[in-house]
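Protein chains in written order, with the working numbering: chain A, 50 to 160; chain B, 4 to 119. Beta carbons are placed, not taken as given, at the ideal position from N, Cα and C, and that holds for glycine. Since the model is a prediction, treat every value here as computed from it, not as a measurement.
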């Protein structure tokens, strides 16, 4: 079992729609969860961090965390073509400061 | 602006060559830095944790004699890919821990390594 799992996609949504990206993790003791956006050939860029159960909103982005289900999601409202990228879910496990990344979900927003 | 500078951004070299990649923290000290490798359409995989003044900690399956890491100062870590072969071609990214609790690490811009 991979430590952080994501559907590789691609996930295609029309411009203006809501894109929903999902992630599950295996270490139940994990405390910190992050969503990164990565354009081709570039380094990952942090979009959202979330630490407690529930929703966290920042502009068009909402992160959702459910520790009981070991599930993290990212919603992107009013999707734009510029949102087309690979979205990486990352987790810091219970002990240490290492980021463990999922394989990423490719998002394509069609105009 | 960038807080971690990585150089070079792109390297093409012949098989058997050794390649050095530099990672610098700008305006802050980093006693620890991380080195990742990313193959096409795959995720970032942590290769090793670089520790200032001591030996690097390598992840399971990473050859320490192949990937030499030196963290000689509080602002510079280097990764040397020794006797590189085509299978070492990848995107290498370094990072340094952040003091911002909402951002765990600052990433460099990455180095695209192509071995012919």
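> For residue 110 (chain B) versus residue 89 (chain A), is the C-beta distance shorter than 8 angstroms?
Replying inline: Cβ distance not < 8 angstroms, so residue 110 (chain B) and residue 89 (chain A) don't count as in contact.
> When you compare each of B:8, B:7, B:13 to residue 94 (chain B) by their alpha carbons, which one comes out closest?
Replying inline: It is B:13.
> Between the C-alpha atoms of residue 88 (chain B) and residue 150 (chain A), what's the straight-line distance to the nearest angstrom?
Replying inline: A straight line joining the alpha-carbon of residue 88 (chain B) with that of residue 150 (chain A) spans about 26 angstroms.
>> Mapping the DSSP letters down to three states, classify residue 130 (chain A) as helix, strand or coil.
In response: Helix, per DSSP.
> Who are the near neighbours of residue 134 (chain A) in its chain, counting only those whose CB is closer than 7 angstroms to its CB and skipping five residues on each side?
Replying inline: 86, 87, 88, 156, listed in sequence order.
> Are there 16 or more other CB atoms within 10 angstroms of the CB of residue 11 (chain B), so buried, or fewer, so exposed?
Replying inline: Flag for residue 11 (chain B) reads exposed.
> Given residue 78 (chain B), which residues of its chain have a CB within under 7 angstroms of its CB, disregarding the five upstream and five downstream residues?
Replying inline: So the list reads 27, 28, 32, 33, once near-sequence residues are dropped.
> Going by Cα to Cα distance, which pick from B:80, B:45, B:52, B:47 is closest to residue 37 (chain B)?
Replying inline: Among B:80, B:45, B:52, B:47, the Cα nearest to that of residue 37 (chain B) is on B:52.
> Terminal residues of the continuous beta strand (DSSP E) containing residue 3 (chain B)?
Replying inline: Only positions 4 to 119 of chain B appear in this structure, which leaves residue 3 (chain B) out of reach.
>> In whole angstroms, give me the CA-to-CA distance for residue 2 (chain B) and residue 73 (chain A).
In response: As displayed, chain B neither begins before 4 nor continues past 119, which places residue 2 (chain B) out of reach and without an answer.
> Straight-line CA distance for residue 119 (chain B) to residue 94 (chain A)?
Replying inline: Rounded to whole angstroms, residue 119 (chain B) and residue 94 (chain A) show a C-alpha spacing of 30 angstroms.
> Mind checking residue 131 (chain A): buried by the 16 CB within 10 Å criterion, or exposed?
Replying inline: Residue 131 (chain A) comes out exposed.
>> Let me make sure I understand the geometry here. Which of A:145, A:98, A:144, A:138 has the alpha-carbon closest to that of residue 153 (chain A)?
In response: Comparing Cα-Cα distances from residue 153 (chain A) to each of A:145, A:98, A:144, A:138, the minimum goes to A:138.
> Which residues bound the beta strand (DSSP E) around residue 27 (chain B)?
Replying inline: Start and end: 22 to 28.
>> Any beta carbon of chain B sitting closer than 8 angstroms to that of residue 151 (chain A)?
In response: Residue 151 (chain A) counts as touching chain B.
> Considering only residues of the same chain and omitting the five flanking positions on each side of residue 99 (chain B), which have a CB-CB separation below 6 angstroms?
Replying inline: For residue 99 (chain B), where only same-chain residues beyond five positions count, the Cβ hits under 6 angstroms are 7, 28, 33, 36, 109.
> For the beta strand (DSSP E) that residue 99 (chain B) lies in, which residues bound it at each end?
Replying inline: According to the DSSP assignment, residue 99 (chain B) belongs to the beta strand (DSSP E) that extends over 93 to 100.
>> DSSP three-state label for residue 66 (chain B), please.
In response: Correct three-state label for residue 66 (chain B): coil.
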